Structure formats: C-alpha cells, structure tokens
Amino acid sequence: MISVLLIAALAASSPQGLPTPEGNPIKTQAIKAEAINRGEWAYSTDLPVSLRNEPIVKVDFRLKIDTRGRVSECQVTRSSGFTDADEAVCGAVTRRARFRPARDAKGAAIPSEYSGFVTFTA
1 MISVLLIAAL AASSPQGLPT PEGNPIKTQA IKAEAINRGE WAYSTDLPVS LRNEPIVKVD
61 FRLKIDTRGR VSECQVTRSS GFTDADEAVC GAVTRRARFR PARDAKGAAI PSEYSGFVTF
121 TA
C-alpha cells in the first residue's frame with residue numbers, strides 16, 4: 001500500500017502600510033492564501049505504476065496562485081529523481097489544489113505563491 005504525505009508552507013505578500021490623513025502609515029498585514037482542500041491534492045494513484053514500488057518518492061514544488069485561488073503554475077523545486085513522478089505531482093496539484101486567494105491590505109485579491117511537497121511511501 002502506498003501512502004501519501006502532503007506538507008506545504010505558504011509564502012504570500014508581505015505586510016503593507018496604509019497612509020492616514022496625517023500621513024503616518026497604519027501597519028496592516030496582507031492576508032495569505034489559504035489552502036482549502038490540501039488532503040485532496042495528490043493520491044497514490046497519481047504516481048506512475050512503474051514507481052509504486054520505490055520506497056520513497058518526494059517532490060518539492062512552488063505554486064503560483066491567481067486571484068481566484070487557482071493554481072496558475074507549478075514548478076518543481078527539488079526533483080524526486082523521476083521526471084514522470086515530478087510531472088504527475090505538478091499535474092495533480094495544478095488540477096486539484098484550491099485556495100482562498102491572498103488579499104492585500106485593502107482586501108483586494110492578489111496573486112501569491114505557495115511552497116510544499118508530496119511524499120509517496122511504499
């Protein structure tokens with residue numbers, strides 16, 4: 001039986017200041033994108049059959065998240081050593097991952113990035 005472990009850490013926009021009538025900025029923070037279905041991003045069946053007996057297959061990735069909370073790009077940041085596995089993970093995460101979009105200090109949805117990894121174990 002293959003198990004899947006998905007761990008991710010978010011990197012979104014940095015805090016911003018809004019000017020007050022006096023000209024002094026009020027410190028406010030942007031809201032980071034929030035993953036809403038992390039457990040549904042990758043399944044053992046996403047791993048190519050030829051790799052399902054490998055003891056560990058781990059793929060690190062960075063996602064670009066658009067203003068609708070959808071993945072617009074997936075980049076492998078540390079390869080598993082298996083091109084098929086890397087492509088399968090990015091494809092699955094791009095199709096399935098959903099986010100509440102990041103927001104700037106004024107509340108407008110903004111693009112953001114999300115980094116994480118998927119590990120398959122035999």
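Residues 1 to 122 (the numbering used here) are what the sequence shown spells out, left to right. C-beta: ideal position from N, C-alpha, C; glycine also. As the structure is a prediction and not an experimental result, all values here were calculated from the model.
Rounded to whole angstroms, what's the CA-CA distance from Val-118 to Leu-47? Just pull it up for me.
The alpha-carbon atoms of Val-118 and Leu-47 are separated by roughly 11 Å.
Applying the criterion that 16 or more other CB atoms from any shown protein chain within 10 Å of the CB defines a buried residue, is Pro-55 buried or exposed?
exposed
Verify whether the separation of the beta carbon atoms of Thr-94 and Val-71 is less than 8 Å.
yes
How is Leu-47 classed by DSSP in three states: helix, strand or coil?
Here DSSP, grouped into helix, strand and coil, assigns Leu-47 to coil.
Using 7 Å as the cut-off, classify the Cβ of Ser-50 as near or not near the heavy atoms of the ligand GTP, replying yes or no.
The ligand content of the structure shown is nil, which means the ligand GTP is not present either.
Pull up the distance between the alpha-carbon of Ala-88 and that of Arg-52, whole angstroms please.
13 Å
Among Ser-79, Asp-104 and Tyr-114, which one has its Cα closest to the Cα of Glu-73?
Residue Tyr-114 is the option with its Cα nearest to Glu-73.
Buried or exposed: Ser-112, going by 16 or more other Cβ atoms within 10 Å of its Cβ?
buried
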